[in-house]
DNA sequence: CATGAATGAGCATTCATTCAT
DNA sequence: GATGAATGAATGCTCATTCAT
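Chains as they are written, first to last, in the numbering used here: chain A, 4 to 221; chain B, 4 to 221; chain C, 4 to 221; chain D, 4 to 221.
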């Protein structure tokens, strides 16, 4: 059995208990900043306590274990990680004829870029722990594959049928698209390889790359 | 000053001292396996010692510190990480007219895929520590950007002049290409999202995605 | 830069925080006894912990490092090591005509003898570490020379002008006097070469030796 | 039973085996320098080996243990520490009437000063370990008291009978004289509180202090 | 004799967690 | 709820000593 049970935690946190104590809130904010900066296992609870201005015992009163603190911090992010967009689009696509995959892709990238930009630190934590911590990876990987990959595959299939997308296996296409977008986000928000300041141009670059690759056409 | 000085270590290890003791060799092999599996900082030296069948002191007699053991394991990999290909190709391209970027890309992917496949565990270590360990990242990032990015940019420029590649900034193209390939390698060798068994098909999929994207053409 | 910064520590410990925890107090007492008996570097923290009836971690919670424990134990002693007497006497001497150097010396010896007797163990620690530990010596030597030597020299000069003391350089006289007294204290409290039980007689012996040497006079 | 048995070692080393190997000789010289500088327990055998240009094993081949190396280095010094002078003088004094205690003292100080000056480093070692290492102290203290103290007491008694020295207990006088001389040697050769460059003047200062104290006489 | 790889007990220090107040 | 002193297992590292070559 897993030490983390992130998915259990996600279900449990259905009602996100908006009434966070001042202290509890402060601990979480501090933990996010420190985990993002130095990594989970390089951040002692003593340092979190000090930076948050609480006693070390208080952390354990609220979260029980350090692991639980990580979970508490990560779960709301994970729940918001699934682009609801994809599902909405899919429903819509089935009924009306709307727009092009290129437009969907553009909106998807824009949407996720904004989401990650607003949750930069937690994104860093999730990426780092996802790779570093085997248990977390084992918990999250199926979740991502199913929820994100799965929806995207459905969307892709629709556009393939319409003839806009190549007819390779939708799984392969989804994987390429996700890897490409995720890779660029990691590069931008974790490795801090800052590209252009102009965000719209950046989005356009990604979209055109994914759609048409690097070959010149006349 | 950095704790690691990986680049210094790389220069110093010019002649890799092939005369590795049995024990030293065993320690390194064991460390590679454990670091890859659980991450550097989650692997106690005591466990390495036990798994390698040596006394803990032996590790420190050979490597001095745990950090040095990591460096000793990583450095040869890093030195072989720069695709000499790119440089050779670049020289060749300047003199004769040979082949297409698509062919270059195919060879590059094939070459690096084989390299990483043969060094799977060390690749896992490097990827994980690269993201998790700030000092290592700070050491390696400029190295990668300059050596890998730099060479690729030069190659791209040549093919742009020949009209095979789109005329967006070569830096952007290089970044997209590298991110895409790196992302797929991470997905395959670190996250273990196994794709097709047919490797040639896999290479072809990447090449076609990078060259032409996902849009259908008649 | 020094590892110890004893003088810094002395300034910092201005208000010695009388509210010592039971445990903290117990640790310090135990450490004093063990350091005095076996020397600082021959006393493992584990042994201190065991003898003090606390967990080893508790030592580090209170003192951070073993070095700091030594400092915490030594500093109050050092601050009380300067005989305020000398300074007071000096001021007094400048205004009124009071007593003889012989009387001053007798009081000085009596005062310091009592002080060391009451701090026997810490005196042992200081003497041993002073000789054994280069860094501690480098920290303390200038302090002693200036504070103890300096004041004594001033006193000696006054009595030289009054014609009670020989007119050799005051520095030389001070050095002889200090060496002689310190040597006898070390002999008594560190080497445990117990002299007479009669302390007053002991003091008188020292004073007469310093004043008149060993030559018989009629 | 003692770990050291210095006295046993002294007896055993009766014939000092002049045929010291090159390596053995080099090890001892290096050990002397390092022990004097950093103290016995702060000097790893590995460092001695390196500095001496031998393998670490070689030290143990020759000396068996690190303790034995210390003993090997110290013992010849200890054997030469007893001023044969005192004994010779005593024999001489019983037969003829020669010179004054003051002259004896002057010669004693000169003789020991030269001895220590020529064996400065071993003197440092002996002083430091004598204070720091209980076992060594327990071994050497009785030896010093008996051999050095004992002889001096006899000499003093003779001069007391002749009326040159005060008639306090000879033991007390001996102790004062030894403490005073030893203290000044420690101050000069261990603490490095350099006095005058003029050695004869220094000797004279000590002699006059011991003989007549600090009181001015007309 | 000499070597140096190997050993493993021992050490200072860290840190998540507990619990009495 | 909040505190922070106390815990003790775990960790990286040191070093005297052994032994096969």
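Idealized CB from N, CA, C, for every residue including glycine.
Could you pull the DSSP bridge partners for residue i from this structure?
i: residue 218 of chain B; result: A:168
Thinking C-alpha only, which one of the options is nearest residue i?
i: residue 69 of chain D; options: D:183, D:37, D:204, D:86; result: D:37
i: residue 78 of chain D; options: D:113, D:216, D:198, D:11; result: D:11
i: residue 166 of chain C; options: C:121, C:92, C:174, C:103; result: C:103
i: residue 110 of chain A; options: A:193, A:184, A:145; result: A:184
i: residue 57 of chain A; options: A:33, A:204, A:74; result: A:33
i: residue 132 of chain B; options: B:63, B:45, B:168; result: B:45
i: residue 75 of chain D; options: D:176, D:30, D:86, D:50; result: D:30
i: residue 49 of chain B; options: B:39, B:60, B:42, B:66; result: B:60
i: residue 118 of chain C; options: C:219, C:169, C:88; result: C:88
i: residue 214 of chain B; options: B:9, B:25, B:202, B:107; result: B:107
i: residue 147 of chain C; options: C:175, C:168, C:181; result: C:181
i: residue 175 of chain D; options: C:206, C:171, C:72, C:177; result: C:206
i: residue 136 of chain B; options: B:55, B:73, B:221; result: B:73
i: residue 116 of chain D; options: D:221, D:9, D:25, D:203; result: D:203
i: residue 130 of chain D; options: D:39, D:200, D:158; result: D:39
i: residue 208 of chain B; options: B:105, B:80, B:221; result: B:105
i: residue 122 of chain A; options: A:71, A:35, A:200, A:172; result: A:35
i: residue 55 of chain C; options: C:221, C:25, C:158, C:173; result: C:25
i: residue 96 of chain A; options: A:158, A:47, A:80; result: A:158
i: residue 80 of chain C; options: C:51, C:9, C:41; result: C:9
For the putative contact between residue i and residue j, defined by C-beta atoms under 8 angstroms, what is the C-beta separation to the nearest angstrom?
i: residue 13 of chain C; j: residue 82 of chain C; result: 6 angstroms
i: residue 216 of chain B; j: residue 216 of chain A; result: 4 angstroms
i: residue 193 of chain C; j: residue 144 of chain D; result: That pair is no contact at about 11 angstroms.
i: residue 85 of chain D; j: residue 150 of chain D; result: 5 angstroms
i: residue 27 of chain D; j: residue 65 of chain D; result: 5 angstroms
i: residue 219 of chain A; j: residue 169 of chain B; result: 5 angstroms
i: residue 138 of chain A; j: residue 43 of chain A; result: Residue 138 of chain A to residue 43 of chain A, Cβ: 12 angstroms. No contact.
i: residue 222 of chain C; j: residue 179 of chain D; result: Outside the shown range of chain C, which is 4 to 221, sits residue 222 of chain C, and nothing can be said about it.
Report whether the distance from the Cβ of residue i to the nearest heavy atom of the ligand NAP is below 8 angstroms.
i: residue 116 of chain D; result: Annotation note on the ligand NAP: not contained in the displayed structure, which lists no ligands.
(request) Closer than 8 angstroms, Cβ to Cβ, to anything on chain C: give me those residues from the region 48 to 82 of chain D, in chain order. (result) The region 48 to 82 of chain D vs chain C, Cβ under 8 angstroms: nothing.
(request) Would you list, in chain order, the members of the region 167 to 186 of chain D that have their beta-carbon closer than 8 angstroms to a beta-carbon of chain C? (result) Within the region 167 to 186 of chain D, the qualifying residues are 167, 168, 169, 170, 171, 175, 176, 178, 179, 180, 182, 183, 185, 186.
(request) Select from the region 188 to 203 of chain B all residues with a C-beta closer than 7 angstroms to any C-beta belonging to chain A, and list them in chain order. (result) Of all residues in the region 188 to 203 of chain B, those with a C-beta nearer than 7 angstroms to a C-beta of chain A are 190, 193, 194, reading in chain order.
(message) Any contact between the region 186 to 201 of chain B and the region 115 to 129 of chain B? By contact I mean 3 or more CB pairs, one from each, below 8 angstroms.
(response) Between the region 186 to 201 of chain B and the region 115 to 129 of chain B, the count of C-beta pairs closer than 8 angstroms reaches three or more; the two stretches touch.
(request) Assess, as a yes-or-no matter, whether the region 110 to 122 of chain A is touched by the region 152 to 166 of chain B under the definition of 3 or more beta carbon pairs within less than 8 angstroms. (result) The region 152 to 166 of chain B is not in contact with the region 110 to 122 of chain A.
(message) I want to know whether the region 143 to 160 of chain A touches the region 84 to 97 of chain A - three or more CB-CB distances under 8 angstroms.
(response) Output reads yes: the region 84 to 97 of chain A touches the region 143 to 160 of chain A.
(request) Check distances from the C-beta atoms of the region 25 to 42 of chain B to those of chain A and list, in chain order, the residues that come in under 9 angstroms. (result) Only 40, 41, 42 from the region 25 to 42 of chain B bring a Cβ to less than 9 angstroms from some Cβ of chain A.
(request) Closer than 8 angstroms, Cβ to Cβ, to anything on chain B: give me those residues from the region 133 to 147 of chain A, in chain order. (result) Residues of the region 133 to 147 of chain A that bring their beta carbon within less than 8 angstroms of a beta carbon in chain B comprise 134, 135, 136, 137, 140, 144, in sequence order.
(request) For the region 202 to 220 of chain C, enumerate the residues whose C-beta is nearer than 7 angstroms to any C-beta of chain D, in chain order. (result) Answer set for the region 202 to 220 of chain C: 208, 212, 213, 214, 215, 216, 217, 218, 219.
(message) What are the residues in the region 97 to 131 of chain D lying within 7 angstroms of chain C by C-beta distance?
(response) The residues in question are 130, 131.
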